[in-house]
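K.L.:
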Amino acid sequence: MNADWRVFAIGSAFFAALTAIFGKVGVSEINSDLATFLRTIVILLVTALLIFARQEWQRPDSLSTKGVLFLVLSGVATGLSWLCYYRALQMGPASRVAPIDKLSVIFVVLFAVSFLGERLTWKVGLGGILVTVGAVLMAL
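With our numbering applied, the sequence shown corresponds to residues 485 to 624, in that order.
(1) Under a three-way DSSP split, which group does Gln600 fall into?
(2) How would you label Asp585, buried or exposed, when you count the other beta carbons within 10 angstroms and need 16 or more for buried?
(3) Output the boundary residues of the alpha helix (DSSP H) element that contains Thr520.
(4) Using the Cβ count rule (16 or more neighbours within 10 Å means buried), how would you classify Val593?
(5) Sort Leu528, Val509, Leu610 by Cα distance to Ala578 and report the nearest one.
(6) Which residues in the same chain as Val581 place their Cβ atom closer than 6 Å to its Cβ, once the five residues preceding and following it in sequence are excluded?
(7) Quick check: what's the CA-CA separation for Asn515 versus Trp606?
(8) Between the segment 553 to 571 and the segment 512 to 531, can you find at least three pairs of beta-carbon atoms closer than 8 Å?
(9) Provide the residue span of the alpha helix (DSSP H) that contains Arg571, from first to last.
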């Protein structure tokens with residue numbers, strides 16, 4: 485039985501919440517940049533173990549050049565996001581930092597419509613506005 489994408493999206497939200505809480509405690513005693521580096525090593529090891537366990541390794545020459553390029557760009561964006569996020573957690577309360585971080589939702593909607601050609605429905609538009617209003621209210 486294949487799990488619906490929503491199951492993984494909820495898992496992502498749950499683990500992102502734990503990331504904020506664990507990260508806030510971690511950066512209270514360690515420089516945020518070093519914390520990001522340590523976290524990245526753990527992610528690398530966990531992901532490598534998962535790929536190994538599921539036998540999903542592929543030869544580098546079999547990978548799509550475009551796919552690799554955009555994953556590298558995604559990695560750069562992720563790294564910069566984590567550096568900013570951990571620095572914000574080090575300086576501010578997690579209950580206010582995390583909602584501001586979730587403004588990424590509205591950026592994703594705008595980028596998906598602009599660059600990926602996704603259709604902006606009234607539900608997505610209204611949801612984006614509500615997420616934005618909620619994040620701003622929680623951050624004040």
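Beta carbons are placed, not taken as given, at the ideal position from N, Cα and C, and that holds for glycine.
P.N.:
According to the structure shown:
(1) First, the amino acid is wrong: residue 600 is Leu here, not Gln. Three-state DSSP puts Leu600 in coil, outside helix and strand.
(2) buried
(3) 516 to 537
(4) buried
(5) Val509
(6) Ala572, Leu573
(7) 43 Å
(8) yes
(9) 549 to 575
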